[in-house]
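Once you know that position 53 of the sequence shown is 106 in the working numbering, the rest is easy, because the numbers rise by one and skip nothing. From the three backbone atoms N, C-alpha and C, an ideal C-beta is built for every residue, glycine too. Since the model is a prediction, treat every value here as computed from it, not as a measurement. The block underneath contains the structure these notes are about, expressed in structure tokens.
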Amino acid sequence: MSTPRIETFRGRQLRKELHRLREEAGFSTDEVAEKLDWSKAKISRIETGKSRVTPSDVRLLVETYAIKDEREREALVTLAREARRKGWWHNYPGVFASTYVGLEAEATSLRTYETQLVPGLMQTERYMRALIRAAHAEMAVDETEQRVSARKERKELLRQEEPTRLWVILDEAVLRRPVGGPEVMREQLAHLIELSELPQVHLQVLRFEAGAHASMGVSFTILDTPSANNTGVVFVEHLSGHLYLDDEPDYGRYTLAFEHLRAKAGDPDDTVALIERLRSDFQQ
């Protein structure tokens with residue numbers, strides 16, 4: 054089974070740069086296709102991220118766009134080379150179909166507001182398994198275990214030498230929903246407390262008494278890019294799919310929404326105390 058096309062921050066940055074350079078050079082996609090004897094569709098796929106661009110393709114494009122700065126040319130070629138490197142998810146063909154996992158792997162920090170369930174990077178193995186079985190009751194055991202293994206490897210982002218910074222705000226309902234039963238939840242809540250002690254993890258809970266707010270019912274994650282020249286990406290899930298928002302106005306709106314949620318949520322010490330109380334409730 055082939056691995057789905059999963060884009061990374063480097064891939065997004067490269068295609069945006071190539072699109073910008075083409076427009077600055079004053080060429081249409083038809084004109085570039087004619088100059089390089091490529092199809093117009095190839096140019097479109099490169100600029101929309103639907104296909105990977107090779108370093109040799111980039112060399113031809115920057116030559117066509119008359120980019121004279123050798124450092125800029127080589128930087129783009131290097132970016133193309135890095136964007137083509139296989140990520141850890143290639144070991145799990147068919148498990149990940151979303152670009153999210155590629156962006157997550159390269160993000161320097163993640164800011165997440167979750168209304169329904171514990172975020173993937175914070176899930177225990179048994180919590181993962183309970184979610185997968187609930188969503189895919191017909192799934193074979195070996196496929197379920199492959200998905201669990203993939204999710205466990207994904208969690209290594211928090212344990213690597215330069216770990217991803219994670220700021221999570223959980224709606225109180227996430228902690229009270231008995232996914233997998235009391236024993237699974239006791240383990241999961243204990244794991245949240247353990248993770249909250251890591252220096253790169255910041256965990257808050259938005260209590261029910263906080264009342265109405267601008268993000269009710271909307272879970273989202275802000276993925277911050279490793280490049281100062283590349284705006285972060287906002288990932289929003291909805292009933293029939295998901296959205297990636299990477300223009301500055303959207304990024305700004307969701308960043309502001311997250312700051313409002315952060316101000317309404319309890320501080321870390323209160324969060325740990327609440328989780329401990331709820332964990333005790335699951336023991337009764």
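Proximity of residue i and residue j at Cβ, strictly below 8 Å
i, j, result
"Ile-328", "Ile-222", "no"
"Arg-164", "Ile-275", "yes"
"Val-205", "Leu-174", "A quick correction: the sequence has Lys, not Val, at residue 205. Contact: no."
"Val-171", "Leu-211", "no"
"Leu-314", "Ser-268", "yes"
"Glu-240", "Arg-179", "yes"
"Phe-340", "Tyr-166", "With the chain represented from 54 up to 337, any question about residue 340 goes unanswered, as that position is not in the structure."
"Glu-159", "Arg-63", "yes"
"Arg-126", "Val-115", "yes"
"Lys-317", "Leu-259", "yes"
Spatially closest choice to residue i from the options, by CA coordinates
i, options, result
"Thr-278", "Thr-161, Glu-135 and Thr-107", "Thr-161"
"Leu-256", "Tyr-297, Lys-93 and Pro-321", "Pro-321"
"Ile-120", "Arg-75, Gln-169, Glu-135 and Glu-215", "Arg-75"
"Val-237", "Val-286, Leu-251, Glu-196 and Thr-177", "Thr-177"
"His-244", "Lys-93, Gly-79, Asp-83 and Arg-332", "Arg-332"
"Thr-152", "Phe-80, Gly-102 and Pro-231", "Gly-102"
Between the CA atoms of residue j and residue i - distance to the nearest angstrom
i, j, result
"Ile-99", "Arg-68", "6 Å"
"Glu-262", "Ser-272", "19 Å"
"Ala-193", "Met-181", "15 Å"
"Pro-252", "Glu-87", "54 Å"
"Pro-235", "Ala-188", "19 Å"
Spatial neighbours of residue i in its chain, beta-carbon cut-off 7 Å, leaving aside the 5 residues before and after
i, result
"Val-111", "Leu-129, Val-130 and Ala-133"
"Val-325", "Ile-246 and Ser-249"
Chain-order list of residues whose beta-carbon lies under 6 Å from that of residue i (same chain, five-residue window excluded)
i, result
"Leu-184", "none"
"Arg-65", "none"
8 Å CB neighbourhood of residue i in its chain, flanking five on each side removed
i, result
"Asp-83", "Lys-93"
Review point. Taking the runs of the alpha helix (DSSP H) that are 4 residues or longer, which of them lie wholly in the stretch 170–208?
Key: 178–188 and 194–207
**Study point:** Length at least 3, wholly inside the stretch 296–320: the beta strand (DSSP E) runs in chain order
**Key:** none
Check your understanding: In the stretch 215–284, which residue ranges form an unbroken alpha helix (DSSP H) of at least 4 residues, counting only runs that do not cross its ends?
Key -> 225–229 and 235–249
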